[in-house]
Amino acid sequence: MKRVLVAMTALAGVTVWQAPAASASVPLKDITDRYVGSAVAASYLANEPDYRAVLTREFDNVTPENEMKWGTVEPVRGQFDWSGADAIVRYAQEHHKTVRGHTLVWHSQLPDWVAALPAGELRRVLRDHVMTEVKRYKGKVRAWDVVNEIFNEDGTRRDTVFRQKLGDGFVADVFRWAHAADPAATLYINDYNIEGINPKSDAVYDLVKTLRREGVPIGGVGIQAHLSIQYGFPAEYRENLARLTKLGVDVAITEADVRIPTPPDAAKLDTQASYFGRLWDGCMAFRRCVEFTTWGFTDRHSWVPGVFPGEGAACLFDENLHPKPAYFRINP
Ligand code: 9MR
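Here it is as structure tokens:
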């Protein structure tokens, strides 16, 4: 798909304006036929021209970091705010980038009014939420993170309000609703700590296998890939990609970052580069690893320091938007 678009642009003889070279001569998005993305925030896109220029130059997929979450789009029942999501989708369309929709069903950033609903009503409201959001961006969102983080580390189901009130079957339901709303979008299950083979990734694997057997329209597994150089590179990453892709689904690296204990130094940045490189190379080794998206691209804006005090510098570009060793490991 991506290759076809590139070829058509070339045939049409379109001259594309390019931002001044911030990095290697060939942008990341052009060194592979996979989608190369970043999480983005509508406010930075609107207010920081340098941020916008690097994003536009280097990436061809965008994932709204928070703008499509339920807590953002409908914080109060019946009061919708699509402004941030609309702005990102508009930017993507204007710049010929795809959008990864994130995320339809998640226990976090879930408005209190949803959590308080009785079961029957919750089911109707959940269906409306999924169908309204997917229909709004029909044809404009290439892939959706339909369910996010539904497993515990030991492979049991996370005990969310959805599970408590609707049972485990809510997962199949939301995939069916999303598919009815936009049959062309690829629908993903997304989670963290499922890069290697472990009880949690075993559970994801088993669920995808079951859902596929039952004809549930799940098309992909999103591997978040929030790594830290303190904990080692995940064991059996490639084996995990192999078994998942054998199920006949796509795989995407959806939220890659590699945090380091601050302050960064040359040795830490080098280890970070090797982690990013291994993540990237593993994805490229499998045809069905179709996307490599990072959770933000600049250390200027990253969720890491706020959540892990003493850690940071997790992105491919530093605060001044200069590419780091990890960038050059992927794009020498
Ligand atoms: O980066 C996001 C941060 O700005 C939000 O405050 C946070 C809210 O819970 O969500 C962060 O993004 C998360 C993503 O949606 C799901 N996977 C983990 C990400 C990092 O926490």
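Under our numbering, think of the first position of the sequence shown as 999, with each following residue one higher. Just so it is clear, CB atoms sit at the ideal spot from N, CA and C, and this is done for glycine as well.
For ALA1037, the Cβ falls inside the 8 Å cut-off from some heavy atom of ligand 1. Contact check for ALA1250 against VAL1202 fails: the beta carbons are separated by 9 Å or more. For VAL1071, the closest alpha carbon among the candidates ALA1083, VAL1060, ALA1040, VAL1305 is that of ALA1083.
For VAL1112, there is no enclosing beta strand (DSSP E); the residue is part of the alpha helix (DSSP H) that begins and ends at 1110–1113. Here THR1252 is near ILE1221, since their CB atoms are less than 9 Å apart. The beta strand (DSSP E) runs of length 3 or more contained entirely in the stretch 1205–1264 are, from start to end of the chain, 1218–1221, 1224–1226, 1248–1259. In this structure, the alpha-carbon of ASN1191 lies about 12 Å from that of ILE1148. Excluding five sequence positions before and after ALA1085, the CB atoms of its chain that fall closer than 6 Å to its own CB belong to ALA1040, given in chain order.
The alpha carbon of GLU1237 has as its nearest neighbour, out of ASP1200, TYR1273, ARG1257, the alpha carbon of ASP1200. The Cβ atoms of VAL1034 and PRO1062 do not sit closer than 9 Å to each other. For the pair GLY1099 and VAL1139, the CB atoms are nearer than the 9 Å cut-off.
Contiguous alpha helix (DSSP H) elements confined to the stretch 1047–1095 occur at 1047–1056, 1068–1071, 1081–1092, taking only those with 4 or more residues.
DSSP places GLU1119 in no beta strand (DSSP E) but in the uninterrupted alpha helix (DSSP H) bounded by 1117–1134. In the structure shown, ASP1143 falls within a strand segment according to DSSP collapsed to helix, strand and coil. Under the DSSP assignment, TYR1033 falls in the beta strand (DSSP E) whose first and last residues are 1033–1038.
Shown here for LEU1319: same chain residues with a beta carbon closer than 8 Å to its own, the five before and five after excluded, namely ALA1020, ASP1048, TYR1049, VAL1052, THR1296, ARG1298 in chain order. For ASP1189, the enclosing beta strand (DSSP E) stretches over residues 1184–1189. Secondary structure at HIS1299: coil, using DSSP grouped into helix, strand and coil. Each of VAL1169, TYR1135, TYR1089 was checked against the Cα of ARG1121, and the nearest Cα belongs to VAL1169.
Between TYR1229 and PHE1306, the alpha-carbon positions lie close to 14 Å from each other. Boundaries of the beta strand (DSSP E) harbouring PHE1290: 1287–1292, taken from the DSSP string. Taking 9 Å as the cut-off, the beta carbon of ALA1223 is found closer than this to the beta carbon of ASP1255. Looking at THR1030, TRP1301, LEU1314, TYR1235, the one whose alpha-carbon comes closest to that of ARG1276 is TYR1235. For VAL1302, the CB contacts under 7 Å within the same chain, skipping 5 residues up- and downstream, are ASP1255, ARG1257, GLU1309, GLY1310, ALA1312 in chain order. Taking a C-beta distance under 9 Å as the contact criterion, ALA1176 and VAL1132 qualify as a contact pair. When DSSP reads this structure, PRO1321 sits in a beta bridge with PHE1315. Here VAL1024 carries a coil assignment [DSSP, helix/strand/coil].
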